[in-house]
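**Student:** If you use UniProt numbering, the sequence shown corresponds to residues 1 to 402, in order. Even glycine gets a Cβ: it sits at the ideal position worked out from N, Cα and C. Bear in mind the structure is a predicted one, so any value in this text is a computation, not a measurement.
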Amino acid sequence: MSIYILCLTTNGGLPVFTRKKGDCDNLPFSTVASLNGFHMFFKSLGITLQVTYSEDWTYVWRDFHNAVTLIVCARSMTEEMLQTLAEIVFGAISLFVNINELVDLTLLDRMKKEARNYMPVVDAALEACTSRILGFTNCILSTENQQLAQRLNDFSGLCGSLFCCLVVGNSVSVGTEGWWDLDPIDRELLLLLLNSSSTLQNDIPVYLPKKDATLAYRFVTIPLTPSSIICVICGAGPSYRDLRAMTLDVFCAENLLQNVEKSITRNLPEQVEIDQCVLAIIVANMKARKCIFTHNSNQSSGGKRALSGGLQRIDLIKKLFDQTVQYNKNLNGDCKDVKQCSNYIEPLDQYWCLDYHKCYAHYDQMGNAIFILFISSIPTPAMRFIAQKLLYSILQDKTISW
């Protein structure tokens with residue numbers, strides 16, 4: 001996987017920053033100028049250049065508020081992923097720059113001044129391309145989630161904020177209803193900001209690009225343990241000291257958090273059994289835009305030939321997931337017309353049989369989907385049984401609160 005991100009001012013084409021990830025060289029200025037030149041040439045003709053493809057690469061152009069142009073070039077990534085990445089990168093800028101200031105003539109100076117704040121978030125988003133599913137909130141499930149959700153709601157009432165969540169090991173354990181009502185991009189940006197911060201204790205003024213890009217909020221993070229953090233979006237009050245006191249009062253039962261932290265390595269409770277034929281799992285709710293992404297540490301010895309490339313397995317199941325979401329209108333939410341939706345055939349099951357792996361996907365009527373990567377020796381009919389059994393064990397356990 002190789003990625004380039006180019007950020008320029010829309011009117012002047014002045015470079016703001018460039019970033020890359022993967023095994024790729026720095027782009028020469030002539031290439032940057034050419035990519036921006038294509039975009040400006042088509043724009044002069046009244047044509048919006050959105051995406052194009054070469055043999056190995058995909059190129060995406062995005063204009064934001066006629067102020068910032070982002071060019072994202074990548075190999076081994078879908079267009080949908082690049083569009084989401086562009087949204088997140090611009091959102092990282094908008095976390096710290098008021099949307100009204102984007103049309104100001106001093107935009108370039110302001111963006112360079114705020115770069116020390118948003119560039120760590122941009123870099124974290126690039127890192128997330130290989131380990132997470134962009135546009136979905138990574139979750140961790142445990143049998144303590146129901147109790148923790150009740151405590152979080154109590155804390156939400158005490159502090160007067162609707163937007164609270166508990167993050168355990170870089171994944172969301174539980175969140176309030178208001179938290180899940182936030183746009184997935186806003187949730188992703190806040191978690192990236194948390195993960196890219198140099199300290200766990202933070203009280204940072206931010207804007208939420210999707211909710212309200214003109215109103216400043218406070219993003220407060222309060223550590224409970226080294227791996228568990230309470231995140232709150234609030235206004236001027238209460239103070240950090242008061243929020244911390246409320247947090248320690250509500251979440252005083254350490255054994256609850258210790259039990260949740262046992263699930264960090266695989267994001268699933270210990271009670272949920274995973275078959276030895278399973279290599280990697282993605283469980284997602286397409287409506288809430290949340291997911292679990294995990295691998296199986298207890299793998300069958302019958303798949304030795306397939307076990308040599310752990311990163312390849314992760315890339316493979318992510319690619320299958322991304323392609324399915326991109327091309328299925330009902331899953332990615334692009335199909336808004338009821339009559340148009342009726343023309344699409346909704347898949348219930350999908351099978352992929354490759355040289356060294358097999359993959360199965362199942363979808364239910366509630367917007368849940370499960371993708372499982374298997375070793376190649378598993379009988380194809382058995383994949384459906386194993387996948388549905390695992391999905392239903394998660395959905396039917398009320399203590400998990402999926």
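Could you tell me whether the region 162 to 179 touches the region 100 to 111, using the rule of 3 or more Cβ pairs below 8 Å?
**Tutor:** no
**Student:** Kindly indicate the opening and closing residues of the alpha helix (DSSP H) around P381.
**Tutor:** 380 to 396
**Student:** Compare the beta carbon distance of V60 and I47 with 9 Å and say whether it is the shorter of the two.
**Tutor:** no
**Student:** If P205 sits next to R187, beta carbons under 8 Å apart, how far is it from one beta carbon to the other, in whole angstroms?
**Tutor:** With a Cβ gap of about 18 Å, P205 and R187 do not count as contacting.
**Student:** Please report the straight-line C-alpha distance between L348 and M286, rounded to a whole angstrom.
**Tutor:** 14 Å
**Student:** In the DSSP assignment, what are the bridge partners of V167?
**Tutor:** V172, I229
**Student:** How long is the line joining the alpha carbons of G160 and R151, rounded to whole angstroms?
**Tutor:** Each residue's alpha carbon lies about 14 Å from the other.
**Student:** Indicate whether the contact test is met: 3 or more Cβ pairs, each with one atom in the region 31 to 38 and one in the region 5 to 19, closer than 8 Å.
**Tutor:** yes
**Student:** At 3 residues or longer, and completely inside the region 212 to 284: list those beta strand (DSSP E) runs for me, N to C.
**Tutor:** Taking only runs of at least 3 residues, the beta strand (DSSP E) segments lying wholly in the region 212 to 284 are 212 to 225, 228 to 234.
**Student:** Give, in chain order, every unbroken run of the beta strand (DSSP E) that is at least 3 residues long and sits entirely within the region 19 to 64.
**Tutor:** 51 to 53, 57 to 64
**Student:** Give the secondary structure of D186 by DSSP, where H, G and I count as helix, E and B as strand, and everything else as coil.
**Tutor:** helix
**Student:** Check each candidate in L49, L189, A236 and name the one with the smallest Cα separation from A125.
**Tutor:** L189
**Student:** Go ahead and label R62 buried or exposed: buried means 16 or more other beta carbons lie within 10 angstroms of its beta carbon, across all protein chains shown.
**Tutor:** buried
**Student:** Rounding to the nearest angstrom, what Cα-Cα distance links S393 and Y363 in this structure?
**Tutor:** 15 Å
**Student:** Using the Cα positions of V89 and G37, report the straight-line distance between them to the nearest angstrom.
**Tutor:** 21 Å
**Student:** Would you kindly work out how many angstroms separate the C-alpha atoms of D355 and N145, rounded to a whole number?
**Tutor:** 39 Å
**Student:** So the candidates are T69, I233, Q147, L373; which of them puts its Cα closest to the Cα of L49?
**Tutor:** Comparing alpha-carbon positions, the option among T69, I233, Q147, L373 lying closest to L49 turns out to be T69.
**Student:** How would you label P184, buried or exposed, when you count the other beta carbons within 10 angstroms and need 16 or more for buried?
**Tutor:** buried
**Student:** What is the rounded straight-line gap between the Cα of A361 and the Cα of G169?
**Tutor:** Their backbone Cα atoms lie some 27 Å apart in a straight line.
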